[in-house]
Amino acid sequence: MIHKQKIFKILFLCTSLNFLQILPGCSREPQYIIFKTGERDQLQERAIKYCYGDFKVLEEEELGPYTRAHLECKE
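Just so it is clear: in the sequence shown, position 74 is 74 by our numbering, and no numbers are missing.
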């Protein structure tokens with residue numbers, strides 16, 4: 001009986017630790033894409049693929065010959 005309780009406690013502890021590892025993975029990461037500066041078609045194509053459809057560009061940041069566009073995906 002004591003052996004079963006120990007196994008149950010260890011199993012419960014491992015399950016709890018796994019759950020805690022998963023939680024940070026569920027947080028939303030910043031949504032952005034990188035495209036060549038001036039190529040709006042590339043921005044639109046990549047944003048549609050990334051957002052699976054409709055999107056809104058919140059901010060654009062130039063990084064040399066490329067631009068990073070922060071997106072809001074609409075569902």
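We put the beta carbon where it would ideally sit given N, CA and C, even for glycine.
Quick caveat, the model's predicted, so the values are computed rather than measured.
Rounded straight-line distance, which links the Cα of residue j to that of residue i
i, j, result
"isoleucine 48", "leucine 58", "15 Å"
"tyrosine 50", "glutamate 39", "17 Å"
"cysteine 73", "glycine 64", "25 Å"
"glutamate 75", "leucine 13", "37 Å"
"aspartate 54", "glutamate 61", "21 Å"
Test item: CB-CB of residue i and residue j under 8 Å
i, j, result
"alanine 69", "isoleucine 10", "no"
"threonine 87", "threonine 67", "Only positions 1 to 75 of the chain appear in the structure, and residue 87 is not among them; the question remains open."
Bounding residues of the beta strand (DSSP E) (the contiguous stretch that carries residue i)
i, result
"glutamate 135", "The requested residue 135 is not part of the displayed model; the chain covers only 1 to 75."
"tyrosine 32", "32-36"
"glutamate 45", "From DSSP, glutamate 45 is part of no beta strand (DSSP E) but of the alpha helix (DSSP H) over 40-51."
Residues near residue i in its chain [Cβ-Cβ closer than 8 Å; skip 5 each side]
i, result
"glutamine 31", "Tyr50, Cys51, His70, Leu71, Glu72 and Cys73"
Close Cβ partners of residue i (< 7 Å) along its chain, the five nearest in sequence each way excluded
i, result
"arginine 83", "Residue 83 is absent from the model: the chain starts at 1 and stops at 75."
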